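Line by line, the protein sequences give chains A and B. Note that the first sequence covers residues 1 to 318 in my numbering. Note that the second sequence covers residues 1001 to 1301 in my numbering.
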Amino acid sequence: MQYLPSWTAAAAMPMVWALAAVAPASAQTPIPPNPQIEIGYVKPTKNPALAPIYEQMQSKKVLETLQIFLAPLKLPAGVKIAVKFNECGGATTMAYQHNGPVTICYEYVARIEQMVPRSAVTLAQGTITPDAAVIGPVTQAALRETALAVFDVMELPVWGRTDDAADRLSAFIMVQFGPNVAWNTIVGTAWFLSGNATAPADFSDIRGVVAQRYYTTLCIAYGGEVRGVTLTKGVTGATGSGLGNFVGGEAAAGSLPLSRAQSCPNEYDAIKQAFVDLFIVPKHVDLTLLDQVQKAFVCSSGASDTDPFRMLACAPTR
Amino acid sequence: MKRINPAVLLALTAACLGAVCIGVPPAGVQAQPQLVPDLGQYKIQVDYYAPRDPALQSLYEKLKQRKVLEELGQFLAPVSWPRTLRLIMKQCPRSGTPTPAAFYNYDEYSLTVCYQLFADLKTAANTTQPGGSNDSFATPQETIVGGLIGVVIHEAARATFDMLAVPVLGSDEDAADQLAGLIGLQFGPDVARAVIKGTYLLWSTYDQSMRSRNLSYNFASKSSLAPQRADNILCIAYGGQPAIFKDFVDKGLLPQSRADHCAAEYHQAVDAFVATIKPHVNMTMMNKVLTTTWIMPDDLK
């Protein structure tokens, strides 16, 4: 399969890898990368079509971003998580195994690239930009796959399906960084998932089917917008993001039915409480660093055009 | 294999519930000693609502006479409930989606079993009659008894998560299915098989109902779909006791691709139980519950 055309289109969009071009906001104290997150980019050797993706991931420092994003996370002493990009022999995912590593497949990114619209698309619920269509699912994949490793190495009690738990935790985290980040990451993820939702469902699979992941992601995000509560006081979370546009409007494709939407604030409460109980209370999160990371993603008028976080936080949304 | 006429299954259910399934003997049989003489001391209340539908009146009277909820309360007493848990039986409004007629109410801290649930159990049990689609899988008794216990444990699990403020990272419905399967397996082999089989058949029956009516799966639902829940319960069972439940895989009910992960899924649930729920359970009492003869051997033949 030749991935280059779609990738070339994406590479022409300088904002796409805003999340990847990492550095904390210039006016703030530099955020140290998490030393317990080890990263790597494995050069693809079997499928040359993946080489451009490998180079882009590396040059845009996607995993270095993740190291900073996860700076507040404190794993048990002596424990490290290895996160790497690698080719997966044509598969888009590689199941996490005990003690890792976390693998994000180049093929997955290629799949994302294939679904990026060439220009902004106006949906009934709002606008999805090409930037968001890439940033969202790449961010979600990095968080989701890393979450699986975190569950494992921290020996956390996981009730429910592990993959579903990782999806919920990822969505929860993505709505902690202001309305613009919430919209771009969530809607971008939803765009990607919706494009894959027509695949035949395997009900015996340990994971939920794609359509269920789509609705759950939207549900947690909508619940976050309704609640308007974040983990620290300095950031507004998803309030005002416009994610509520996905609720009701049964005629609009992809809407969250009211029957599900009614439970979303409670579902958000549940994952938030679990995060507090399992991470905050046991002091597995440095709240000072968390506050710094959160504020780094807020769109501020003083940020320069080259500020990497500005691209994500200030990107046009709905 | 001993079979029972479908026409008497509903009545059997009521009798079975009180008499043998949950420990209350029929009239004339010496009662088993109660683990907890006063449920109120353990913050458990019971209530039976008279149904409006005359067809349910007989069932209501039998269940109440047999003190089914009181026996269920015995089972739940080992948990240190922070608030009063209300156990209710009543006639419920029907929803359009086939789903067990039992629920946990977060506002009331109540666990409700609807009288209509027994009709669903009967439908599932009918498939195990000679010539039925599940003829060789289970007996009608296993289906009714096991299905009922499975449903009740599921809702009790939701109450547990809520009232004990257990951190749940995944879907609470999936979590409750896991906990219900885990608890079900802690009984003796006969009861464990009944709970697993009955629960599986209930979900399988709901799935068949959906398909026969050409209803679309609701992927937006907060709950997993009927076929997923059917497989989930088989997986927990096989993961926890592969020797006993190996036939699920051999018969193709549980695909090998899923079965390979079931031991890990089971141990995930065990680890979560130990970390989050066990500290709230009086294990001495619970061990008595688990070793009580809830189902007489003859009742599962």
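Glycine included, each C-beta is placed from N, C-alpha and C at the ideal position. Model, not experiment: these values are computed from the prediction.
Asked	Found
Just by C-beta distance, which residues in the stretch 1103 to 1119 of chain B are closer than 7 angstroms to chain A?	none
Please report the distance separating the alpha-carbon of F192/A from that of P137/A.	7 angstroms
Is it buried or exposed for R1158/B, if we count other Cβ within 10 angstroms and need 16 for buried?	buried
If we define contact as Cβ-Cβ less than 9 angstroms, is T1205/B a contact residue for chain A?	no
What residues match up with N86/A in a beta bridge as DSSP calls it?	C105/A
Using a Cβ-Cβ cutoff of 8 angstroms, what residues of the stretch 1258 to 1270 of chain B are near chain A? List them in chain order.	R1258, H1261, E1265, Q1268 and A1269
In this structure, how does DSSP classify D269/A when only helix, strand and coil are distinguished?	helix
Taking the beta strand (DSSP E) that R1094/B belongs to, which residues open and close that run?	Taken as a continuous stretch (DSSP letters only), R1094/B belongs to no beta strand (DSSP E), as it is neither H nor E.
Under 9 angstroms, do I1144/B and F1103/B count as touching if we go by C-beta distance?	no
State yes or no: is the C-beta of V349/A within less than 9 angstroms of the C-beta of A199/A?	With chain A covering only 1 through 318, there is no way to say anything about residue 349/A.
Please state if the CB of F1219/B and the CB of D215/A are separated by a distance shorter than 9 angstroms.	A quick correction: the sequence has Tyr, not Asp, at residue 215/A. It is a contact, given that the beta carbons lie within the stated cut-off.
Would you mind reading off the limits of the beta strand (DSSP E) that contains L1111/B?	S1110 to C1114
Distance check for P1140/B and N99/A, CA to CA, integer angstroms please.	45 angstroms
Distance, Cα to Cα, K1090/B vs L1076/B?	19 angstroms
Using a Cβ-Cβ cutoff of 8 angstroms, what residues of the stretch 93 to 106 of chain A are near chain B? List them in chain order.	none
On the DSSP letters alone, give me the boundaries of the alpha helix (DSSP H) that F1075/B sits inside.	V1068 to L1076
Check whether the Cβ of A82/A lies closer than 8 angstroms to any heavy atom of the ligand FMN, and answer yes or no.	By its list of ligands, the structure shown contains no ligand whatsoever, and the ligand FMN lies outside what it can speak to.
Is the Cβ of G160/A closer than 9 angstroms to any Cβ of chain B?	yes
Would DSSP call Y1060/B helix, strand or coil?	helix
When burial is assigned at 16 or more other CB atoms within 10 Å of the CB, is Q1268/B buried or exposed?	buried
Would you kindly report the start and end of the unbroken alpha helix (DSSP H) that includes A1272/B?	C1262 to T1276
Please report the straight-line C-alpha distance between G40/A and L278/A, rounded to a whole angstrom.	28 angstroms
What would DSSP say about F151/A, mapped onto helix, strand or coil?	helix
Is it the case that the stretch 1192 to 1208 of chain B contacts the stretch 1123 to 1130 of chain B, given that we only count it when at least three CB pairs across the two stretches are under 8 angstroms?	yes
Among residues of its own chain, excluding the 5 on either side of Q36/A, which ones have a beta-carbon nearer than 7 angstroms to its beta-carbon?	L75, V79, K80 and I81
What would DSSP say about A95/A, mapped onto helix, strand or coil?	coil
Any chance the stretch 221 to 230 of chain A sits against the stretch 1261 to 1279 of chain B, with 3 or more Cβ pairs inside 8 angstroms?	no
Could you check what DSSP says for Y1238/B in three-state terms: helix, strand or coil?	helix
On the criterion of 16 or more Cβ atoms from any shown chain inside 10 Å, does Q1178/B qualify as buried, or is it exposed?	buried
Helix, strand or coil for T1284/B, going by three-state DSSP, please let me know.	helix
Excluding the 5 residues flanking T1284/B on each side, which residues of the same chain have their C-beta closer than 6 angstroms to its C-beta?	none
Quick one: using the 10 Å Cβ neighbour count with 16 as the cut-off for buried, is E1142/B buried or exposed?	buried
Does the beta carbon of I212/A come closer than 9 angstroms to any beta carbon on chain B?	First, the residue type needs correcting, since residue 212/A is Gln and not Ile in the sequence shown. Closer than 9 angstroms to some Cβ of chain B, the Cβ of Q212/A qualifies, so yes.
For chain A, is any of its Cβ atoms less than 9 angstroms away from the one on L1171/B?	Here the sequence assigns Ser to residue 1171/B, which means Leu is not the residue at that position. Closer than 9 angstroms: yes.
Just reading off the beta strand (DSSP E) that Y1048/B is part of, what are its end residues?	I1044 to Y1048
Identify, in the order they occur along the chain, each residue of the same chain with its Cβ nearer than 8 angstroms to the Cβ of A1264/B, setting aside the five sequence neighbours on each side.	G1239
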